[in-house]
Amino acid sequence: MAAACAYHQPAEWQPHAACWLAWPSDASLWEQKLPKAQQEFAALCRAIADPDPRTGERRGEQLEILVPDAEREQEARLALEDLSARFHRIPFGDIWLRDTAPIFVVDSQDRLSTVRFAFNGWGNKYILPGDSEVSEAIASRVGLMGRRFAWILEGGSVEVDGEGTCLTTRECLLNPNRNPGLDTAAIEKGLQEALGVRRVLWLERGLLNDHTDGHIDTLVRFVAPAKVVCMEACEPDDPNREVLEAIAEELSRFRDAQERPLEIARIPSPGRILDEDGTVMPASYVNFYIANRTVVVPTYGSPYDEEAVQKIGTLFPGRRTVGLSARAILSGGGAFHCITQQQPGL
Numbered sequence: 000m001a002a003a004c005a006y007h008q009p010a011e012w013q014p015h016a017a018c019w020l021a022w023p024s025d026a027s028l029w030e031q032k033l034p035k036a037q038q039e040f041a042a043l044c045r046a047i048a049d050p051d052p053r054t055g056e057r058r059g060e061q062l063e064i065l066v067p068d069a070e071r072e073q074e075a076r077l078a079l080e081d082l083s084a085r086f087h088r089i090p091f092g093d094i095w096l097r098d099t100a101p102i103f104v105v106d107s108q109d110r111l112s113t114v115r116f117a118f119n120g121w122g123n124k125y126i127l128p129g130d131s132e133v134s135e136a137i138a139s140r141v142g143l144m145g146r147r148f149a150w151i152l153e154g155g156s157v158e159v160d161g162e163g164t165c166l167t168t169r170e171c172l173l174n175p176n177r178n179p180g181l182d183t184a185a186i187e188k189g190l191q192e193a194l195g196v197r198r199v200l201w202l203e204r205g206l207l208n209d210h211t212d213g214h215i216d217t218l219v220r221f222v223a224p225a226k227v228v229c230m231e232a233c234e235p236d237d238p239n240r241e242v243l244e245a246i247a248e249e250l251s252r253f254r255d256a257q258e259r260p261l262e263i264a265r266i267p268s269p270g271r272i273l274d275e276d277g278t279v280m281p282a283s284y285v286n287f288y289i290a291n292r293t294v295v296v297p298t299y300g301s302p303y304d305e306e307a308v309q310k311i312g313t314l315f316p317g318r319r320t321v322g323l324s325a326r327a328i329l330s331g332g333g334a335f336h337c338i339t340q341q342q343p344g345l
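Count the sequence shown with numbering that gives the first Met the number 0 and you get residues 0 to 345, in order.
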C-alpha cells in the first residue's frame with residue numbers, strides 16, 4: 000500500500016481522555032433483559048471510571064453517556080451517580096457505539112480529529128432511527144467534525160495497532176451488503192485514507208450467528224505492537240472450533256506493517272453459549288475494552304470465564320483486569336467492546 004494519510008487511529012492501549020457509551024433504555028429492543036443489561040452497563044462504567052474506594056474520586060476515564068431524553072437521563076444518573084459521568088441528550092437507535100460513533104484519529108502533532116462513515120444497520124439487518132446520525136452528533140458535540148466518508152464501515156470491523164497495521168475480515172468488509180462496488184484494493188485504499196493504515200491483514204470469517212458478519216473485535220485483538228490474542232476451542236462441541244483454528248493458522252502467516260511476525264497469545268473460547276431458545280450466541284472473551292487503568296473482560300457464565308480473565312490479565316501487566324457479566328448485553332448481539340468508543344487523550 001502507498002504511504003498513509005497524516006491522521007491515524009491510535010491503538011486502544013494508548014491514553015484515553017474519555018469513553019463514549021449509550022445508556023440502554025429501549026424496552027422494545029431489550030424487552031425483559033433491559034434491567035439486567037442496565038446493571039451490566041453500570042458495572043462496566045464503574046470499571047472504566049475506576050473510582051477510588053476511599054475518596055470516590057475518579058481515577059480512570061471520563062464517561063460520556065448518550066441518553067435519548069430527560070427521563071432516561073435521570074434513570075442513567077441514578078445508576079451512575081457517583082462516577083462523575085457527563086450526559087448528552089443525543090438520539091440513537093441502540094447502544095453499539097463502537098459501530099455508530101465517530102472514530103477518533105490523531106495526526107503526527109497529536110492533534111485530534113474524527114472520521115465518520117456511512118452506516119446501514121450491519122448490512123440492512125437492523126435499521127433504527129438515530130443510528131445513522133449519531134456519529135455526526137458526537138463529532139459536533141466535541142467540535143471535531145473532521146472528515147466524512149461515503150462508504151460503509153463499522154468501528155468493530157477494524158482492529159489497529161497504532162503503527163499502520165489493521166486486522167479485519169473478508170466476511171464483513173467485502174460483504175455485498177456493505178459496499179458492493181468496492182473490491183479489496185478499494186477497501187484498503189479507503190482504510191489508508193481514513194485511518195492511516197499501511198497494511199491490512201485479512202482473515203476470512205467470524206463467529207457463528209454473528210449478525211455483524213464477522214467483526215474482528217470478537218476474533219482477534221492487538222494487545223501490543225506485533226502481539227495479538229485470539230481464542231481456542233476447549234470443548235469438542237464448541238460451535239466455532241473450525242473458525243478459531245483457521246484464525247490462528249492465518250495469523251501465524253501474517254507480517255505487520257513493520258514486517259514483524261505476530262506473537263500470538265491464545266485464551267479459551269467460552270464454548271457453546273445458548274440463548275433461551277437454544278440458539279448459539281456469538282460469545283467472545285476478546286471483546287474486552289482496554290481502559291486507562293483497567294481491562295474489562297466480558298464473561299458469560301462459562302466454565303472458562305476465570306481462566307480467560309486471568310490469561311488476558313497477563314497480557315496487560317500495567318492494568319487491573321476485571322471480568323464482568325455481559326450475558327444480557329450479549330443477547331443484543333455484542334459485548335463490552337461493541338458498546339464503547341474511546342476518545343484519545345493528548
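From the three backbone atoms N, C-alpha and C, an ideal C-beta is built for every residue, glycine too.
Expected contact under 8 Å - CB spacing of residue i and residue j to nearest Å
i, j, result
"Tyr-299", "Arg-326", "5 Å"
"Thr-164", "Ala-256", "4 Å"
"Val-133", "Thr-99", "5 Å"
"Gln-8", "Ile-102", "6 Å"
"Leu-250", "Ala-232", "About 15 Å separates the two Cβ atoms, so there is no contact after all."
"Arg-71", "Trp-22", "6 Å"
"Asp-212", "Asn-174", "5 Å"
"Ile-309", "His-15", "The residue asked about is misnamed: residue 309 is Gln in this sequence, not Ile. That pair is no contact at about 24 Å."
"Phe-118", "Ser-139", "16 Å between Cβ atoms; not a contact."
"Ala-307", "Val-295", "Between Val-295 and Ala-307 the Cβ distance is about 13 Å, and since that is not below 8 Å, they are no contact."
"Ala-5", "Ser-107", "6 Å"
"Leu-345", "Val-199", "That pair is no contact at about 26 Å."
Min CB distance residue i to chain B below 9 Å
i, result
"Asp-237", "In the structure shown, chain B cannot be found, because there is only a single protein chain."
For residue i, the nearest candidate out of the options (CA to CA)
i, options, result
"Leu-329", "Ser-27, Tyr-6, Lys-35, Leu-20", "Lys-35"
"Leu-261", "Trp-95, Asp-160, Thr-339, Arg-53", "Asp-160"
"Ile-94", "Val-104, Ala-46, Phe-40", "Phe-40"
"Ile-246", "Arg-259, Val-227, Glu-258", "Val-227"
"Gly-331", "Trp-150, Pro-281, Glu-11, Gly-195", "Pro-281"
"Ala-48", "Val-321, Gly-333, Ala-334, Leu-345", "Val-321"
"Phe-335", "Arg-319, Ser-301, Ala-46", "Ala-46"
"Val-157", "Ala-138, Ile-137, Phe-116", "Phe-116"
"Pro-316", "Val-222, Glu-153, Asp-274, Arg-271", "Val-222"
"Val-279", "Asp-106, Asp-68, Gly-270", "Gly-270"
"Ile-64", "Leu-96, Phe-253, Gly-122", "Leu-96"
"Ile-263", "Cys-229, Lys-32, Leu-323", "Cys-229"
"Asp-274", "Asn-176, Leu-20, Lys-32", "Lys-32"
"Leu-20", "Ala-10, Arg-259, Gln-37, Trp-12", "Gln-37"
"Phe-287", "Leu-314, Val-196, Asp-68, Asp-209", "Leu-314"
"Cys-171", "Ala-184, Leu-194, Val-196, Gly-122", "Gly-122"
"Asn-208", "Lys-124, Glu-248, Asp-68", "Lys-124"
Per-residue DSSP class, three states only, for residue i
i, result
"Val-157", "coil"
"Leu-323", "strand"
"Ala-3", "Interpretation of Ala-3 is limited by its pLDDT of 45, a score under 50 that renders its predicted location unreliable; the figure taken from the coordinates is listed afterwards. Looking at Ala-3 - three-state DSSP - the assignment turns out to be coil, as it is neither helix nor strand."
"Phe-103", "strand"
"Cys-233", "coil"
"Arg-271", "coil"
"His-15", "strand"
"Leu-166", "strand"
"Leu-65", "strand"
"Thr-54", "coil"
"His-336", "helix"
"Trp-29", "helix"
"Glu-248", "helix"
"Val-242", "helix"
"Ile-215", "helix"
"Ile-328", "helix"
"Arg-71", "helix"
"Arg-254", "strand"
"Gln-341", "strand"
"Leu-190", "helix"
"Leu-77", "helix"
"Leu-172", "helix"
"Leu-206", "coil"
"Arg-97", "helix"
Endpoints, alpha helix (DSSP H) assigned at residue i
i, result
"Gly-312", "304-314"
"Val-196", "Element bounds for Val-196: n/a, residue is neither H nor E."
"Arg-110", "Careful: Arg-110 lies outside any alpha helix (DSSP H) and carries neither H nor E."
"Arg-140", "133-141"
Enclosing beta strand (DSSP E) for residue i [first to last residue]
i, result
"Phe-346", "For residue 346 there is no data in the structure shown, the boundaries of the chain being 0 and 345."
"Phe-40", "First-last for Phe-40: 33-48, but that is the alpha helix (DSSP H), not the beta strand (DSSP E)."
"Ala-149", "146-151"
"His-87", "85-88"
"Val-296", "293-298"
Query raised in the report: For the 8 Å Cβ check, are there 3 or more pairs between the stretch 50-68 and the stretch 282-295?
Result: yes
Report task. Decide if the stretch 197-206 is in contact with the stretch 214-227; the criterion is three or more beta carbon pairs, one per stretch, under 8 Å apart. Result -> yes
Query - Inter-stretch contact (C-beta, 8 Å, three-pair minimum) for the stretch 141-156 and the stretch 84-92 - result: no
Requested in this report: Report yes or no: do three or more beta-carbon pairs, one from the stretch 237-249 and one from the stretch 146-164, lie closer than 8 Å?
Outcome: no
Query raised in the report: Is there contact between the stretch 74-83 and the stretch 104-122, where contact requires at least three CB pairs shorter than 8 Å?
Result: no
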